[in-house]
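Peer 1:
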Amino acid sequence: MNTPSTPARKVIPIAALPGGGGGGNAGGLPPGADAEMVSLYAAHKKIYPRSVSGFFSRWRWAMVFLTQLVFYGLPWLEWGQRQAVLFDLGARRFYIFNLVLYPQDFIYLTGLLVVSAFSLFLFTAVAGRLWCGYTCPQTVYTEIFLWLEKLAEGDRAARLRRDAGPWTLDKLWRKGAKHFLWLAVALWTGFTFVGYFTPIHTLGREFVQLDMSAWENFWVFFYGLATYGNAGFMREQVCKHMCPYARFQSAMFDKDTLIVTYDQGRGEPRGARSKKAEPAKLNLGACVDCNLCVQVCPTGIDIRNGLQYECIGCGACADACDTIMDKMGYARGLVRYSTENAVHQGWGKAQTLRHVLRPRVLVYVAILATVVGAMALSLATRLPFKVDVVRDRGSLARIASGGRIENVYRLQLMNASESRQQFHIEARGVPGLQVASEPDVAVGATESRWVAVRLQAPFGAAPSGSHPIEFEITSQEAPGRLLEKSVFVVPH
Ligand code: SF4
Ligand code: SF4
Numbered sequence: 001m002n003t004p005s006t007p008a009r010k011v012i013p014i015a016a017l018p019g020g021g022g023g024g025n026a027g028g029l030p031p032g033a034d035a036e037m038v039s040l041y042a043a044h045k046k047i048y049p050r051s052v053s054g055f056f057s058r059w060r061w062a063m064v065f066l067t068q069l070v071f072y073g074l075p076w077l078e079w080g081q082r083q084a085v086l087f088d089l090g091a092r093r094f095y096i097f098n099l100v101l102y103p104q105d106f107i108y109l110t111g112l113l114v115v116s117a118f119s120l121f122l123f124t125a126v127a128g129r130l131w132c133g134y135t136c137p138q139t140v141y142t143e144i145f146l147w148l149e150k151l152a153e154g155d156r157a158a159r160l161r162r163d164a165g166p167w168t169l170d171k172l173w174r175k176g177a178k179h180f181l182w183l184a185v186a187l188w189t190g191f192t193f194v195g196y197f198t199p200i201h202t203l204g205r206e207f208v209q210l211d212m213s214a215w216e217n218f219w220v221f222f223y224g225l226a227t228y229g230n231a232g233f234m235r236e237q238v239c240k241h242m243c244p245y246a247r248f249q250s251a252m253f254d255k256d257t258l259i260v261t262y263d264q265g266r267g268e269p270r271g272a273r274s275k276k277a278e279p280a281k282l283n284l285g286a287c288v289d290c291n292l293c294v295q296v297c298p299t300g301i302d303i304r305n306g307l308q309y310e311c312i313g314c315g316a317c318a319d320a321c322d323t324i325m326d327k328m329g330y331a332r333g334l335v336r337y338s339t340e341n342a343v344h345q346g347w348g349k350a351q352t353l354r355h356v357l358r359p360r361v362l363v364y365v366a367i368l369a370t371v372v373g374a375m376a377l378s379l380a381t382r383l384p385f386k387v388d389v390v391r392d393r394g395s396l397a398r399i400a401s402g403g404r405i406e407n408v409y410r411l412q413l414m415n416a417s418e419s420r421q422q423f424h425i426e427a428r429g430v431p432g433l434q435v436a437s438e439p440d441v442a443v444g445a446t447e448s449r450w451v452a453v454r455l456q457a458p459f460g461a462a463p464s465g466s467h468p469i470e471f472e473i474t475s476q477e478a479p480g481r482l483l484e485k486s487v488f489v490v491p492h
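Residue numbering for the sequence shown follows my numbering, beginning at 1 and increasing consecutively.
1. So is Phe56 buried or exposed if we call it buried at 16+ other beta carbons inside 10 Å?
2. For Val185, verify whether its CB is less than 6 Å away from any heavy atom of ligand 2.
3. Please go through the same chain and pick out, in chain order, the residues whose beta-carbon is closer than 7 Å to the beta-carbon of Asn25, but skip the five residues on each side of it.
4. Return the CA-CA distance between Gly27 and His44, expressed in angstroms with no decimal places.
5. In the DSSP output, what is Ser475 paired with across the bridge?
6. I'd like to know if the region 134-149 and the region 375-384 are in contact, where contact means that at least 3 CB-CB pairs between them fall below 8 Å.
7. Looking only at its chain, what residues have a beta carbon closer than 8 Å to the beta carbon of Phe121, apart from the 5 residues adjacent to it on each side?
8. Take Asp302 and list the residues in its own chain whose beta-carbon comes closer than 6 Å to its own, dropping the five residues that flank it on each side.
9. Can you list, in chain order, the residues of its chain with a C-beta nearer than 6 Å to that of Ser466? Leave out the 5 residues immediately preceding and following it.
10. Pick from Phe123, Glu143, Val115, Tyr337: whose alpha carbon is nearest that of Thr67?
11. Under the DSSP definition of a beta bridge, which residues are partnered with Leu483?
12. If you draw a straight line from the alpha carbon of Arg410 to that of Arg58, how long is it in whole angstroms?
13. When we look at the beta-carbon of Trp131 and count the other beta-carbons within 10 Å, is it buried (16 or more) or exposed?
14. According to DSSP, simplified to helix, strand and coil, what is Ser250?
15. If the criterion is Cβ atoms closer than 7 Å, does the pair Ile469 and Phe423 meet it?
16. For Thr509, count neighbouring C-beta atoms within 10 Å of its own C-beta (all shown protein chains included) and say buried if the count is 16 or more, exposed if not.
17. Please classify His492: does DSSP put it in a helix, a strand, or coil?
18. Going by DSSP in three states, Ala16 sits in which element: helix, strand or coil?
19. So Lys281 packs on Glu340, CB below 8 Å; how close in whole Å?
20. Going by C-alpha distance, which of Ser116, Phe87, Ala272, Ser51 is nearest Val372?
21. Measuring only the C-alpha atoms, how far is Tyr245 from Gly128?
22. Going by C-alpha to C-alpha distance, which of Trp173, Gly80, Ala84 sits closest to Gly73?
23. For a quick check, are the C-beta atoms of Phe94 and Trp79 less than 7 Å apart?
24. Take every Cβ of the region 319-331, pair it with every Cβ of the region 342-362, and state whether three or more of those distances are shorter than 8 Å.
25. Assign Val453 to buried or exposed, taking buried as 16 or more other Cβ atoms, counted over all protein chains shown, within 10 Å of its Cβ.
26. Residue range of the beta strand (DSSP E) that Thr261 falls in?
27. Which residues bound the alpha helix (DSSP H) around Met414?
28. Taking Leu183 as the reference, which of Gly165, Tyr141, Lys276 has the closest Cα?
29. When the distance is taken between beta carbons, is Ala400 closer than 7 Å to Val430?
30. Any idea if Asn305 is buried or exposed, counting beta-carbon neighbours within 10 angstroms, 16 or more meaning buried?
31. Let me know if Thr446 comes out buried or exposed under the rule of 16 or more other beta-carbons within 10 Å of its beta-carbon.
32. Looking at C-alpha atoms only, which residue of Ser338, Phe193, Phe87, Ser475 is the closest neighbour of Phe222?
33. Say yes only if the C-beta of Cys297 is nearer than 6 Å to one or more non-hydrogen atoms of ligand 2, and no if none qualify.
34. Between the alpha carbons of Leu353 and Ile324, how many angstroms are there, rounded?
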């Protein structure tokens with residue numbers, strides 16, 4: 001509040017001033033008033049997360065091992081005569097263990113996306129940013145890169161000291177070692193990524209012989225350098241400013257969502273004290289204001305300020321605080337996974353978990369179970385072959401020898417199994433309709449083949465015009481049949 005004795009002060013963003021500077025009568029201030037310039041640009045402060053150990057840290061590392069074992073290991077796994085998981089874009093085939101998928105199986109990709117989306121909704125409704133804190137590639141690679149950084153440069157205090165000091169030989173080789181390790185992991189990641197699209201054994205040979213194609217080179221280095229940049233340098237900036245999930249996740253939270261929370265009622269008033277001191281006598285809460293929860297936070301926030309969109313729910317602050325509580329001889333859980341309702345109403349674990357299973361969570365579970373069940377059923381009953389029928393536009397209908405009416409079609413027969421199949425083609429829909437070309441066609445394992453199929457009907461079997469017909473394709477090697485619709489044209 002301004003008084004007659006204090007000149008009026010006005011805060012003006014620098015960007016709003018003429019020329020972005022402070023010249024002239026800034027912002028139309030009254031005579032004698034002071035202007036305080038506030039830059040709207042916040043310079044990035046490098047975060048030096050301190051390493052932490054504890055229950056949630058062990059879970060995070062378990063997820064790092066599990067996800068990376070799958071990611072780095074899967075392309076090397078053989079399945080019969082081929083790579084177990086291979087997305088062969090050139091041949092338009094996706095191999096996933098014993099499944100051979102064609103572009104026509106796009107519906108399964110749609111199903112997978114629906115399952116992923118609802119899993120994310122479910123996990124977020126139950127336990128906030130569980131995905132971000134434990135399995136998101138950004139978190140996982142940042143964790144790996146931080147570990148390598150610690151290996152080369154030491155923990156937080158040593159890194160802070162070294163970065164503030166001058167360049168020495170020791171600093172140079174440690175930084176060099178760190179970047180070497182980062183680049184090695186990043187390029188291996190890029191190589192593995194491309195190994196999902198090109199047989200990885202071939203890619204490995206090409207890599208050693210410096211004989212990779214331009215696209216393979218591009219993607220290995222692009223993906224590798226993106227990993228190097230995101231996990232080495234951008235880190236929390238990706239979560240804070242680039243990831244869209246951080247922006248809309250709050251829409252999926254409610255007061256019964258498990259989030260990392262600071263128990264303000266127990267922790268405040270915060271303050272330093274000796275281990276022997278009685279907090280009640282000093283009128284202090286359980287928080288000793290050691291700042292450890294802030295030092296371990298990978299996004300550099302203070303969980304004691306409440307839920308913030310930057311929080312990725314990693315639980316590092318909970319681990320750090322638990323070690324302090326142990327040292328002080330206080331009960332653990334000053335910072336813990338809990339819900340807003342549980343903290344405010346003092347619920348125990350069982351009561352909190354009961355409230356987590358609320359209607360929206362059950363709806364997500366029901367939708368997920370339905371979609372997963374439908375996909376599993378569809379995959380289990382899927383025929384190991386497919387067919388596409390295309391009318392030959394070059395020849396509509398013609399009169400063949402013997403006065404029969406002939407239409408020509410192109411059929412793409414796709415063998416989605418690991419062994420050769422012999423297909424038999426039939427057609428019906430017009431009286432006397434017959435396959436005049438070879439009705440039996442063999443297609444090799446996981447291959448597809450285009451064949452020209454001639455259909456003939458007796459003259460006068462149907463009036464002139466277009467008549468709906470149906471192709472029936474059966475396989476000698478697999479039960480079931482495929483029906484494909486088309487039309488048979490009778491000329492005037
Ligand atoms: S506040 Fe805690 S849970 Fe959230 S990101 Fe920081 S350390 Fe992780
Ligand atoms: S780690 Fe725990 S005790 Fe230390 S400042 Fe954070 S909340 Fe307080």
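Where a beta carbon is used, it is the ideal one built from N, C-alpha and C, also for glycine.
Small disclaimer: the values here were computed from a predicted structure and weren't measured.
Peer 2: Taking the definition as stated:
1. It counts as buried.
2. no
3. With a pLDDT of 45 at Asn25, under the threshold of 50, the modelled position of this residue cannot be trusted; read the value that follows with caution. Result list for Asn25: empty, nothing under 7 Å.
4. Residue placement at Gly27 is poorly supported in this model, since its pLDDT is 47, which falls under 50; the coordinates still yield a value, given next. Taking the straight line from one Cα to the other gives about 28 Å.
5. According to DSSP, Ser475 bridges with Phe423.
6. no
7. So the qualifying residues of the chain are Met252, Tyr364.
8. Val294
9. Val487, Val489
10. For Thr67, the closest alpha carbon among the candidates Phe123, Glu143, Val115, Tyr337 is that of Glu143.
11. Per DSSP, the beta-bridge partners of Leu483 are Glu472.
12. 58 Å
13. buried
14. In the structure shown, Ser250 adopts helical secondary structure according to DSSP, grouped into three states.
15. Contact: no.
16. Beyond the ends of the chain as shown, which are 1 and 492, falls residue 509; an answer cannot be given.
17. coil
18. Residue confidence is low: Ala16 scores 48 on pLDDT, short of 50, so the model does not pin down where it sits. No coordinate-derived value is stated.
19. The Cβ separation is near 31 Å, so there is no contact.
20. Ser116
21. For Tyr245 and Gly128, the gap between their C-alpha atoms comes out near 11 Å.
22. Ala84
23. no
24. no
25. buried
26. 259-262
27. No alpha helix (DSSP H) holds Met414; the beta strand (DSSP E) holding it covers 405-415.
28. Distances from the alpha-carbon of Leu183 to those of Gly165, Tyr141, Lys276 put Tyr141 closest.
29. no
30. When all chains shown are included, Asn305 counts as exposed.
31. buried
32. Phe193
33. For Cys297, the CB stays at least 6 Å from every heavy atom of ligand 2.
34. 26 Å
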